[in-house]
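Take a look at the structure set out below.
Number of protein chains: 2
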Amino acid sequence: MITLTEENYIKAIYHLGKYGVNNVSTNAIAKEMETKASSVTDMVKKLSEKGYVDYKKYQGVTLTEKGKEIAVNIVRKHRLWEVFLVEKLNFSWDEVHEVAEHLEHIKSKKLISQLDAFLEFPTHDPHGDPIPDKTGKIKKIDKILLSEAKIGDDCICVGVQDSSSDFLKYLDKNNIALGTELKVCHREPFDNSITIEIKAKELIISNMIANNLFVKVS
Amino acid sequence: MITLTEENYIKAIYHLGKYGVNNVSTNAIAKEMETKASSVTDMVKKLSEKGYVDYKKYQGVTLTEKGKEIAVNIVRKHRLWEVFLVEKLNFSWDEVHEVAEHLEHIKSKKLISQLDAFLEFPTHDPHGDPIPDKTGKIKKIDKILLSEAKIGDDCICVGVQDSSSDFLKYLDKNNIALGTELKVCHREPFDNSITIEIKAKELIISNMIANNLFVKVS
DNA sequence: AATAATTTTTAGATTAGTCTAAAAATTATT
DNA sequence: AATAATTTTTAGACTAATCTAAAAATTATT
Numbered sequence: 338m339i340t341l342t343e344e345n346y347i348k349a350i351y352h353l354g355k356y357g358v359n360n361v362s363t364n365a366i367a368k369e370m371e372t373k374a375s376s377v378t379d380m381v382k383k384l385s386e387k388g389y390v391d392y393k394k395y396q397g398v399t400l401t402e403k404g405k406e407i408a409v410n411i412v413r414k415h416r417l418w419e420v421f422l423v424e425k426l427n428f429s430w431d432e433v434h435e436v437a438e439h440l441e442h443i444k445s446k447k448l449i450s451q452l453d454a455f456l457e458f459p460t461h462d463p464h465g466d467p468i469p470d471k472t473g474k475i476k477k478i479d480k481i482l483l484s485e486a487k488i489g490d491d492c493i494c495v496g497v498q499d500s501s502s503d504f505l506k507y508l509d510k511n512n513i514a515l516g517t518e519l520k521v522c523h524r525e526p527f528d529n530s531i532t533i534e535i536k537a538k539e540l541i542i543s544n545m546i547a548n549n550l551f552v553k554v555s
Numbered sequence: 338m339i340t341l342t343e344e345n346y347i348k349a350i351y352h353l354g355k356y357g358v359n360n361v362s363t364n365a366i367a368k369e370m371e372t373k374a375s376s377v378t379d380m381v382k383k384l385s386e387k388g389y390v391d392y393k394k395y396q397g398v399t400l401t402e403k404g405k406e407i408a409v410n411i412v413r414k415h416r417l418w419e420v421f422l423v424e425k426l427n428f429s430w431d432e433v434h435e436v437a438e439h440l441e442h443i444k445s446k447k448l449i450s451q452l453d454a455f456l457e458f459p460t461h462d463p464h465g466d467p468i469p470d471k472t473g474k475i476k477k478i479d480k481i482l483l484s485e486a487k488i489g490d491d492c493i494c495v496g497v498q499d500s501s502s503d504f505l506k507y508l509d510k511n512n513i514a515l516g517t518e519l520k521v522c523h524r525e526p527f528d529n530s531i532t533i534e535i536k537a538k539e540l541i542i543s544n545m546i547a548n549n550l551f552v553k554v555s
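In structure tokens form, the structure reads like this:
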């Protein structure tokens, strides 16, 4: 059996390893898990013995296929629950993460397959992140960061990089939601802030905002 | 903070104490929790220190008001989730308990209040057990065991005493569900089995079955 | 290439929850 | 009321997950 803690470590390693980083470092995991490096070393040894990660001393870890399967399944559950919370229980997108962190650990195949059906097989969670299917397949959409869009591009918001409450509330306040259309009007060379046109109004957003909003150029 | 294990002990003590038993014994808890008496003693001391139970050595325990509040809240969550599983996710009534055992520990006031609303404030779970309201109030219905009904009584099934899978499947097989109407026709003195009329058909049920089915005499 | 800085691991302790085996208290039986 | 049977508690040990502090290895800097 896999423990709650083991699942959380595997999830952390998955998220840290997902952007091309091949060996996830002990310190990175410690930071993500808000724990000490020594605790990570202990756990990583255990995960290695159980076959969830490949680990060589001082070299960091990578998930094995078995580990990846666990991770993807947790991600699937997390995102399905997020959809449930928003669509059925009227949570806003900045409130769902914390609760989903707990719901994702409930172990029942039937629960998840029925939830999936009940939600009519959603493909993306409320933040625009893709929901892996039951076989673990994740279909990627060709999104780019708003900061990478060219002047004149017509875009649709399709996701967020950061899903902290502060950022999501900023978007709410400025009427930016998934599906919102916007046009890139101007980029200020000094600070890389950009002016966008959104619902016939102009809005200046900082580079930091543009760096955390995914769009699809139409 | 209260741990998962503490919550489960409190729940066990609540269920054991609910039928008039004032002091729940160490052994009874051990049996309910499928653990050893020595473990129970340790935990009971901890619960006592934290103010969830009153405990005197060798005398068993009773829940304090604080403990009862915790217990009732867990029961509320458990039963709401059971309704959700049956009504929304098409679980059958013999499948819900195990999953609800996990869901009941998720801590989020908003989750439960929204779930309650989403389910349109159900008053009873799929086994006919009452769902405490947000203040912990439980409204009792005047149900009796079918074994206590008199010959000639017209009854409606309103709940089950035992909610084991075997018993519930027996009921399904014999077309007995909550809301089903039946009439008590005959009681066999030898073994206390009773003959009931149900949907124009006669059915003989053992005393053990009749002892686990709650009905309301109409 | 040697030293400094950083990262990672080890060693030893701690806490929550559990266990076995033995001791103490309570309850039941003669 | 004494003894037997049962229940409950204590004592000491174990596992999972964590921590601090020190040692070892790696990486960066002169």
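As they're listed, the protein sequences go chains A and B. The first sequence begins at 338 in my numbering and counts up by one. The second sequence begins at 338 in my numbering and counts up by one. By construction, the Cβ of each residue, glycine as well, lies at the ideal position given by its N, Cα and C atoms.
Same chain only: Cβ atoms within 6 Å of residue i, ignoring 5 sequence neighbours per side
i	result
Lys506/A	Asp431
Ser385/A	Tyr392
Asp379/B	none
Ser376/A	none
Beta-carbon gap between residue i and residue j smaller than 7 Å
i	j	result
Gly404/B	Val361/B	no
Glu525/B	Asp462/B	no
Leu417/B	Asp453/B	yes
His442/A	Leu341/A	yes
Asn359/A	Thr399/A	yes
Ile449/A	Lys348/A	no
Val433/A	Ser445/B	no
Lys425/B	Phe458/A	no
Sequence-distant residues of the same chain with beta carbon closer than 7 Å to residue i, five excluded per side
i	result
Phe504/A	Val497, Asn549
Pro469/A	Val409, Val412, Arg413, Ile475
Ile533/B	Leu519, Lys520, Val521, Cys522, Leu540, Ile542
Asn511/B	Leu540
Ser555/B	Asp491, Cys492, Ile493
Asp499/B	Asn549
Ala374/B	Thr363, Asn364, Ala367
Ala486/A	Cys492, Val521, Val552, Val554
Close Cβ partners of residue i (< 8 Å) along its chain, the five nearest in sequence each way excluded
i	result
Lys553/B	Ile478, Asp479, Lys480, Ile481, Cys492, Ile493, Val495
Leu440/B	Lys414, His415, Trp418
Gly465/A	Lys480, Cys494, Val495, Gly496, Val497, Leu515, Phe551
Lys382/A	Tyr392
Ile488/A	Val521, Cys522, His523, Arg524
Glu369/A	Ala349, His352, Leu353
Thr460/A	Pro467, Ile468, Lys476
Glu343/B	Met380, Lys383, Leu384, Lys387, Tyr389
Assumed close pair residue i, residue j - CB separation to whole angstroms, cut-off 8 Å
i	j	result
Asn544/A	Ser501/A	Going by Cβ atoms, the distance from Asn544/A to Ser501/A rounds to 17 Å, so no, they are not a contact pair.
Ile350/A	Ile339/A	Not a contact, Cβ separation roughly 14 Å.
Gly473/B	Glu406/B	6 Å
Ile542/B	Ser530/B	6 Å
Thr401/A	Gly388/A	6 Å
Glu451/B	Asn427/A	Residue identity differs from the one stated: residue 451/B is Gln in this sequence, not Glu. Indeed, because the Cβ distance is near 6 Å, the residues count as touching under 8 Å.
Ile535/B	Thr517/B	7 Å
Taking the runs of the alpha helix (DSSP H) that are 4 residues or longer, which of them lie wholly in the segment 495-548 of chain A? Runs of the alpha helix (DSSP H) spanning 4 or more residues and lying entirely within the segment 495-548 of chain A occur at 502-510, 544-547, in chain order.
Inside the segment 398-432 of chain A only - beta strand (DSSP E) runs reaching at least 3 residues: Unbroken beta strand (DSSP E) runs of no fewer than 3 residues, entirely contained in the segment 398-432 of chain A, are found at 398-400, following chain order.
Complete alpha helix (DSSP H) runs within the segment 347-373 of chain A (minimum length 4 residues, chain order): Runs found: 363-370.
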